[in-house]
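Residue numbers (the working numbering), protein chains in the order written: chain A, 1 to 498; chain B, 499 to 996; chain C, 997 to 1494; chain D, 1495 to 1992. C-beta atoms are modelled at their ideal positions from N, C-alpha and C, and glycine is treated no differently. All values derive from a computational prediction rather than experimental measurement.
4 protein chains.
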Amino acid sequence: MAEIGAQNDPIVGAHHKNNVKYQRDIDQFVNVIKGALQPISVPPADSYMSTLAPAAWSGPHGSKLLIPGYNPNQVPETNLRSSAVTRTVGGMATHWTCSSPKPHEEERVLNPIPAAELDQLLDRAADLLKVKTDQYDTSIRHRLVKKTLQDALGPDRGVDSLPLGVTRNTGNPEFVTWTATDTIFDKWSSDPRFTLLTESRVTELHADPSNTEAIGGALIRDLKSTNDDIYVKAKVYIVACGAVCTPQLLWNSNIRPDALGRYLTEQSLSFCQIVLTKKLVESIYNNPEFKEQVDEHLRKHPNDPLPIPYKDPEPQVLIPYKSATPWHVQVHRDAFSYGDVGPKADPRVVVDLRFFGKGEIVKENRVTFGENDAQDIYGMPQATFYVTRTADDADRDQRMMQDMTTVANVLGGFLPGSYPQFMEPGLALHITGTTRIGNDPATSVADANSRVHGFQNLFVGGNGCIPDATACNPTRTSMAIALKGAAAVLEVLKSKKA
Amino acid sequence: MAEIGAQNDPIVGAHHKNNVKYQRDIDQFVNVIKGALQPISVPPADSYMSTLAPAAWSGPHGSKLLIPGYNPNQVPETNLRSSAVTRTVGGMATHWTCSSPKPHEEERVLNPIPAAELDQLLDRAADLLKVKTDQYDTSIRHRLVKKTLQDALGPDRGVDSLPLGVTRNTGNPEFVTWTATDTIFDKWSSDPRFTLLTESRVTELHADPSNTEAIGGALIRDLKSTNDDIYVKAKVYIVACGAVCTPQLLWNSNIRPDALGRYLTEQSLSFCQIVLTKKLVESIYNNPEFKEQVDEHLRKHPNDPLPIPYKDPEPQVLIPYKSATPWHVQVHRDAFSYGDVGPKADPRVVVDLRFFGKGEIVKENRVTFGENDAQDIYGMPQATFYVTRTADDADRDQRMMQDMTTVANVLGGFLPGSYPQFMEPGLALHITGTTRIGNDPATSVADANSRVHGFQNLFVGGNGCIPDATACNPTRTSMAIALKGAAAVLEVLKSKKA
Amino acid sequence: MAEIGAQNDPIVGAHHKNNVKYQRDIDQFVNVIKGALQPISVPPADSYMSTLAPAAWSGPHGSKLLIPGYNPNQVPETNLRSSAVTRTVGGMATHWTCSSPKPHEEERVLNPIPAAELDQLLDRAADLLKVKTDQYDTSIRHRLVKKTLQDALGPDRGVDSLPLGVTRNTGNPEFVTWTATDTIFDKWSSDPRFTLLTESRVTELHADPSNTEAIGGALIRDLKSTNDDIYVKAKVYIVACGAVCTPQLLWNSNIRPDALGRYLTEQSLSFCQIVLTKKLVESIYNNPEFKEQVDEHLRKHPNDPLPIPYKDPEPQVLIPYKSATPWHVQVHRDAFSYGDVGPKADPRVVVDLRFFGKGEIVKENRVTFGENDAQDIYGMPQATFYVTRTADDADRDQRMMQDMTTVANVLGGFLPGSYPQFMEPGLALHITGTTRIGNDPATSVADANSRVHGFQNLFVGGNGCIPDATACNPTRTSMAIALKGAAAVLEVLKSKKA
Amino acid sequence: MAEIGAQNDPIVGAHHKNNVKYQRDIDQFVNVIKGALQPISVPPADSYMSTLAPAAWSGPHGSKLLIPGYNPNQVPETNLRSSAVTRTVGGMATHWTCSSPKPHEEERVLNPIPAAELDQLLDRAADLLKVKTDQYDTSIRHRLVKKTLQDALGPDRGVDSLPLGVTRNTGNPEFVTWTATDTIFDKWSSDPRFTLLTESRVTELHADPSNTEAIGGALIRDLKSTNDDIYVKAKVYIVACGAVCTPQLLWNSNIRPDALGRYLTEQSLSFCQIVLTKKLVESIYNNPEFKEQVDEHLRKHPNDPLPIPYKDPEPQVLIPYKSATPWHVQVHRDAFSYGDVGPKADPRVVVDLRFFGKGEIVKENRVTFGENDAQDIYGMPQATFYVTRTADDADRDQRMMQDMTTVANVLGGFLPGSYPQFMEPGLALHITGTTRIGNDPATSVADANSRVHGFQNLFVGGNGCIPDATACNPTRTSMAIALKGAAAVLEVLKSKKA
C-alpha cells in the first residue's frame, strides 16, 4: 500500500480525535483538521496590495499570484473552493465525523448492485464500522435535544440518534473511540504480507505490454528521502485515493474513459449554531430522567449556573432524509474545520446544525486534470472543477435553509457569528460520481464490482464510485460498494494463483 | 517514561515538520502548531453577548464563563497569555524552530556550572542536536538576506547564518530533517528497557517512607482507557515536563521550596514580516553567484516575474545578542502559530523578523499552582502567572523595537497585516527559572546537577532549570544543563546497583 | 427654542437624506447617521492591551477606561447599548426612516386619550407628516416584492406599501423629499416670534417662587461661545428632547415623579438582508407590467445583466402588526447606521428585512440619571439603563425571528454577512414610556394633554409620552399625542393673555 | 457660484468640526468625514460570493460589479484608491486639518510666480487663513510632545508648533474655530451680488461664438428639483472644483490642452499612532511648568490615573520639510477618515504621526476623463488615474518610514492596530498639478495668473494649479496662487466695465 502522506500516528490509520487532549478540548481539534485538509483547487489571488511600501517588490500590474499551490485554470464560480484532501495515512481519520446513516432508497436508485444485495452490504458495512446509535444515551443534552425535536417535528420526520461509528470506552466512559481504518485493519502493522510506503506518490499505472486489458505495474516515487522512482508489480491494483485523486491517477495513467471525473455531485451544506433556550435548559432541573446526574453535578459544583455536568457527552441527533424533506440533518456538536465555539459561550448550551443537500447528477459537473499542463504541489496533474448547482438543486437548497431555520428556532437562538448560512461549495467533503460504478461503460468508470471497465485487474474504491445523488454521509455506501469489490478482487487473486 | 499526551507519529518524538506536506506548504503547518499548543492560563471571558436571542440561555448578569479550561484566578495584566504547553510525545516537536545559538556570556552569568565546563556542555549539546550553520548555503534568499544585513549593519553586529538543529536530506535536498527527540534517542522504541506510557498523567511523587530524602514512587493515572491509577517505583525520578508542568508536579507532590515557580523570566517578542525591496530582488538577476540557479529557473519558468526558484530554501539568518544590542534576532521564514503569509504575497519575497528580548530576574515574577483549588483540564493544580516587565525591560524592549524597524527597512516594506508589533506575553514559549539550578537552596530549586535540593534521587530537566536572563533560544542551554544532570543520574544508578 | 446641537443645514430641521449625494449613494449615508448618533450609555472598556509596548503608559491593573463619555454605573446586561441621541437641530432628521404606519389597536390600549379622538389625531398626524403609500408605485422592485409577499403570505398578513412621510419630487422624480421638522414648521426661520438657540444646553427648569405649580424660568448655557448661562422666562415650557433627555432635564430640575424614566419599553429588532432569487429577477423580463421600463433600460444598457433600471426606486413594503403576528415589519432598502451593501452585491437585488418586536411594560425597566454623580459629556446627569426583556418578550422574539427567516426565504438568499440576527438592544431607537401620559399620576408623568402632573405650564413631548407597548414606528403616535398637547398649550397661552 | 453639493451648514462654508459635539468627541467626527468623502475612482469588485444561496441571483461567471459608481477603466495598481472629493458647499470644511505650513524652497522651484512675490502671497494667505502657531500653547500634551521631539531630534530638524488655521475661542477656550471658506467670505450670504446655486452641476463651459479666446456661457443643471439646464453668462469664469473636478469640467468643455490632468503628483502618507511612554507621562507630575494645571485636575479627579486634564487640548506639532529629510510631518491628534482611537486606550495618551512624502513630477502620472464613455454618478466623464511612484519616490518613502518609526519610538509604543504603515494611495488628498500654472503652454494649463492659456476670461483655482512636488499641505500654496489670480480677475472685470 502506497500513501502520499505521512503516518501521523503510531497506530496505522487511527482517528486523531481519539486523543484525550482533543476530546477534552474539541475547539482545538479544529486546528488539527485545518492542518490536515489541503484545498484541491485554489484560484490565484490578486497580488496587488494597495498599502505595500512603494519600495517593496510587487508583481506586474494586473498579475495574479502564480506559484505552486494555485490553479490558474480555475474559475471561481464553478469551483468547489472548500474541497480538500488529506495527505495522511488513513486520511479521513482527522476530519471524519463517523456519521454513517443508511441511505434512503432515493439515494440509491442508480446503483447497479441489486437492491437486496446492496442492503446486505450496507448492513455489513455498518458492522465493520461499528456503527451504533446508543453511545450517547447517557447524555442529558442528547436526550433533551432528541426529545425536543421529536416533539416539535412529529413522527414523520423520524428524528433519532445519529448512527455513528463510535464506541464508548468501557473502562473510562468519558472518552470514546472513533472508528477509522485501524478499526477494520487492526492487524496490518504486524502482518508480514503488508507493506506500507508513506510519503510515496503513485505517479502512474502502466498497462501490461502483454495484455492490454491488464495493468502491469505502478510507478511510485519516494518523495522524501530520495526523490527516486520505484516500480511495483502486483496481481491486482486498487486505486482508492478519494474522489478526486483516484480519477487523477487514472487520468495520469492515460486511462480516461468518458465518464472519468464527470457526473460529479457534491452536497450543499448549510450550517448554524444555536444557544439552547432558557426554557429547555431549565426543564433539565425538574426532569426526573436527569435528576440523579443533575444532583450529583450540583453537589460538586454548586455555583455552576447550568444543570449540565461538565463531561456530559454532546448531543448526536439525526433528522434523516425523507422524500418530503430530501436532505440529511445532523444536530450535534463536533469539530470541523470551522465552528469552534470561542470564549463567550458555554459550550454545553451550544448545538451545531448541519444540513446536507443533494445535487442532481449532471454530466457536465466534473473535475478535469492537467489543463494547460498545470500541476499540483505534488507534481500530479492539477484538478480543476466545473461544478454548479441546477435550478432544482437551488430550489431544494432554499427549502432546506427554511427547514434549518425552523429547526434552529425550536431549539434556541443563533450563536452570534454562527448565523444560518450556506457554507462554501465543497465543504461537505462528500464528492461522489467521479469514478462511478454502473453497467454502461458510456456513463460509468467501473462495473458493479468496482472493476474499471476494460481492465481485468484494476479496481477503484471510495466515494467516487457512488453513482447516485446522495444527501447523507457517503462512507457507509462507498464501503458497501467496496465490500462487493473486495470479493471480486479475491476472485482475481484466486484465479491468478490457479 | 510517562507522557500526558499521545504519540502522534510512528517515530517516537519525531518533528512533525519533517512531513513532506508541510515542507511544501509551510502556511498549513501553522494550523498544526495551533492544534498542538494548549494555552496555560486563560482568564475567563465575559459571557454576555449583546445580540443573542432573548430566549436563549445566558449566564447571570456580570458573570464570566467559568468552565474547565479557564482560570478564574488569572489577572490579565500579569498573565503570559500566549504561553502554552504541548501534550504530545516529544512535545516541542511541532513548534520548535530548532534555532540553537550559543548563549552570550551575559546570558549565563548566574549558572552554577563552571564557565569552562558549561562551554563544553554547550558544545556537546550542539553536537547531539546536530546544530549546523551551512544547511541553507545553497539558498539564494539566504545568501541575499545575510549579505544585505552584514553590509548594512556592519561587522559589530555579527550577522551570520542561524545555527539550526537541522540536516538537509542528501538523497533529496529539497527537504530537511529537523532535530527532535528522535534525533537523540533514536533506538528507544526498540530498546527493551524502555517503556513509554502515553496519555498517562503523573499525578504526584511520593516520598520514600524510609528515607525522607528520597522519592519512593510515582502515582500515574491512565487517563484514557481506564482512568485507573498505577504506582511506579524507580531508582531515579526525572521530572522534565516543561517550565510550567515540572514545578506543577513538584508542587502537587508537596515539594514546594521557596524558589519553586519564582524567578520566572520570559522573553519579549517583537515581530514583523517584510516584502523584500524591488532593488534587492532585481540584484539577484545580475549576481554571478546566483546566475546558474537563476538561469535554470527562468528556463523552466520563463513567465515567472521572480528570479527565485520555487524550491529555493528560505533564509535563516541570525543577528546575535551583543552587549550593545542585548537581544536575539532571527531573520528567516518559518511556521509559528502565527505569521502565515496568505494568498496575496508571493512567499518567496517575504521574510520574518523575530526579535527576542530578555527579562530581568525578579523573585516576584512567578507561576503559582492550585489557587482556590482550581484545576486545569487534566485535573492538575491550575497554573496562574504573576509576571510583569520591569522598567529596564521596558526600555530595552523599546530599543529592540527601534532596532527591528531599522533592520526591517533595510530589507523591505512591511507586509500589510504583519506590521512591527510586540506579540502577546508568553508567545516566545521561552519561560525559564521556575526550577532554576543554583548553589543556594534559598534561591534555587535544584543544584548544579539538576538534583532537587534535599533529595537524592529526584532530578529536574528543561528550560525551567536555566537560572539566567536569556534572549536566545533556551533549548541548547537547558540541554547542556541536562547533560551534566544525566551524568549525576548515572552516578546514582551506579551507586544503587552497588 | 433651545437645542444642544448645531444646525447642520441651512433649512432648520431639514432631513439630510434629501441631499442628491445621498440619494445617489445611499451606502455613504450610513456614515452620516453614524456621525450623528451618539450612544447614550457606554460601559467602560477594559483598558489592558496585551500587545502594547511594555514602555507605554497603561492604567492600573484591572482598571476600566474611566473618561468622559463612558458610564461606570452601566451593567452591560441591562444596557440599551445601541441607544443613541442626535445632537442636531431636527435631530431625527438624519436617521429617521419616515415610516409612519397607523398603530394597531393592541398598540394603543393604555393611551388615556379616548379611542375615537386618538384615531382622529393619528390621521391629522399623518396629514402633517405628509404620509403616503403610493410614492414607490413606479418602482419595479417595490411592486415585485410586494406582490411576491402578498402571494406567499396570504391576505391575512395585510402586506402593503409602507406608509412613509415622503414626497416624490414632481420636477425630478428620481429624488424624493423626506418629511422632517421643516415639513411642518416651514416658516420658522422667517417668523420674528421664533428664536432658535443652538449649541445651548437647557440645564434646568426652575419652579416659579410664587406658584409651586408653575415653572418660572429655564437656565440655559451657551456651550460654545461663552460657556455662560442665560435665564429665559416663558409662559409655557415644553420639553421635547427625546425619550431619554426629556426625563433627564426633568430629573435635573428636581421634578422626579415616581414614573419618571420607568415603564420604559424598547423594541427588539431583528434584521437580515437578502439577495432576490434568480426566479424573481427573471420574472421581471416577462412581466407586461414592467415591460416598458425594462425595454427602455435594456436599450440604454444592453450589457446590464439585470432588467432593473439603475434608478429604479427601492422597495418600501409593510407587513403590519397583527394579533397573531404581533410585530411590525419593513421590507425595504434604506440607510441605517448599519446595513450598507458593500462592493460585492448589486444593490438592486438586495432587500433589507427589519422586524420590530414590542416589549412588555414593566415598571422596573427604566432609565436612571446621575448615579454616583456621573455626568454625560454635556455635563448633564448620566443616563443608566436597567432594561431586560421578559419571558413573554423572549418567546415573541423567537417567533418573530422564525417569521423573519420564513419571509426572507420567500424572497431570496441571505446576503453573506447580513444573516438573520437580533441587533443590539436599543438599535430600534424607539424608546417609549419614560414620560408616559396617563390619568394616574402614580404610574404616569403627564396627563392626556402631555401636561406634567402637578404643573400648569410644563408640557412634555416625544416618544417618551407613549404609554403603550408598540411594535410599529412611534413617531406618528407621539405626534398625535403632541397635537392634543399643543391644543392645551394654546389654551394656557390664551388664558395667560387674558 | 454653483456647487454640485448641498449646503450642509447654515453658515455658508463653515468648518463642520466647529460643532461642540465633535470637539467633545472627535472619534465620532471620523464618520462625518467618511460620509462627506466620495471616492473618485473605484475599480469594480468581483461579484461572486461563494456562500450565497444557490437560488439567489448572481451575475454571469467572471463578471465584475458594473453599476454606476464603479469605474471599469481603472487599473488598481495605478489608482489613487483613497482619493475622494467632497460634494458640499465649502467642500474641504469637513476633512481639512487646517495645517498650513509655509512650503520649503524645494517645494516651490517650478512655480512661475517670482520667488519674492510668491513669498509675499504666502504671507497674505496665512493672514487670510488666520494661521497661528500659539493656539495650543496652553496644552500640557502639546508642550510635552514638542519638547521631547526637540530634545531627541536636535535643532536641525526644526521641530515646532504646527501652523494651523485655527482660533481658540476667547469666551470659551475649551473650543476652537477652524478656518474654512466662511472665514474669508464671511459676508457673502448677505451680499446681494452673491448667488449660490447648490446641488447644481456645471456641465460645461461654452466658447463665446464671437471670440474664440473667451468663454461665453456656462451650462448648469439643477440636479435636484427639476433636472433642467440653465445657461449662465458672466464676464469671468473661475473653475475651482478641486484638483480632479476642475480638469474634468475643462475636459468636458472640450478645453483639453496637453498638460490637462498630467504632471499629477500625490503625496505618499505613512501613519501610526502611539501611546506615550510611562516615563513621559510621569514626567508631567514633576514638571513645574505643568504644576498648576495638574494640581487643579487631580483635585477635581483624584482617582484619575493620568495627570492630564480631560480637556487638555491635543498636541499639534510640526517637523518641517528639510533637504535632508524631505517630508512633512504632523505629530498631533486629529480626526481623519481613519484613526479613531477606540474604547481601549485613553485618548489623552495617544498621539498620531502622519508623514507626507512628495512625489516626483512625471508627465505620465495623470488623470483621464470619460474613457469608453464612462460617467461618474453625477453624469460627468469618469476620472481614471494612471499614477505610480518612481524609484526615487520609493527610496524616499522607505527613508521616511524609517524616520517615522524612529520618531514614534521616541514618544511611545505603537497603539495596537495603528502600526506604522503606508496608507492607501490618494489618502493624503493632496493631488496637485492637474491644472498646473506655468509659462510654457506645452507643460502647463494656466499662466502665472491662473488664467487658462489661450483664454481671456477663464481662470482656474485649487491645488491642481500647483506645479511643484510638495510634501507639505498644499492649501496655503494654492491660496497664494489664487490671490495673484484674483488680482488678474479684477483687472479683467475692470477692463470689461470700461
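Residue i versus residue j: straight-line alpha-carbon distance, rounded
i, j, result
"Asn-1107 of chain C", "Ile-1462 of chain C", "7 Å"
"Ile-1226 of chain C", "Val-1235 of chain C", "17 Å"
"Gly-1836 of chain D", "Tyr-1516 of chain D", "15 Å"
"Arg-864 of chain B", "Thr-576 of chain B", "10 Å"
"Leu-37 of chain A", "Gly-69 of chain A", "13 Å"
"Lys-1838 of chain D", "Asp-1115 of chain C", "50 Å"
"Ala-978 of chain B", "Ile-377 of chain A", "40 Å"
"Val-232 of chain A", "Glu-199 of chain A", "16 Å"
"Pro-972 of chain B", "Thr-595 of chain B", "11 Å"
Exposure of residue i, with buried meaning 16 or more beta-carbon neighbours within 10 Å
i, result
"Ser-1989 of chain D", "exposed"
"Pro-1548 of chain D", "buried"
"Ser-1440 of chain C", "buried"
"Glu-266 of chain A", "buried"
"Gln-1869 of chain D", "exposed"
Coil, strand or helix - residue i by DSSP
i, result
"Thr-1082 of chain C", "strand"
"His-1510 of chain D", "helix"
"Val-950 of chain B", "strand"
"Val-829 of chain B", "strand"
"Phe-29 of chain A", "helix"
"Trp-676 of chain B", "strand"
"Asp-529 of chain A", "The requested residue 529 of chain A is not part of the displayed model; chain A covers only 1 to 498."
8 Å Cβ cut-off: residues of chain C touching residue i
i, result
"Gly-952 of chain B", "Under the 8 Å cutoff, chain C gives no residues; its nearest Cβ is about 35 Å from Gly-952 of chain B."
Contact test: residue i Cβ vs the ligand HEM heavy atom, cutoff 6 Å
i, result
"Lys-1490 of chain C", "Here there are no bound small molecules, and the ligand HEM is not part of this structure."
Within chain C, partners of residue i - CB distance below 9 Å
i, result
"Gly-560 of chain B", "Val-1071, Pro-1072, Glu-1073"
Under 8 Å from the C-beta of residue i: neighbouring residues of chain A
i, result
"Gln-1915 of chain D", "Thr-51"
Given residue i as reference, the closest of the options once Cα atoms are compared
i, options, result
"Pro-537 of chain B", "B:Ile-524, B:Val-742, B:Asp-635, B:Arg-641", "B:Val-742"
"His-104 of chain A", "A:Arg-476, A:Asn-254, A:Leu-483, A:Lys-484", "A:Arg-476"
"Leu-651 of chain B", "B:Met-902, B:Asn-667, B:Gly-557, B:Gly-952", "B:Met-902"
Under 7 Å from the C-beta of residue i: neighbouring residues of chain B
i, result
"Glu-199 of chain A", "Val-518"
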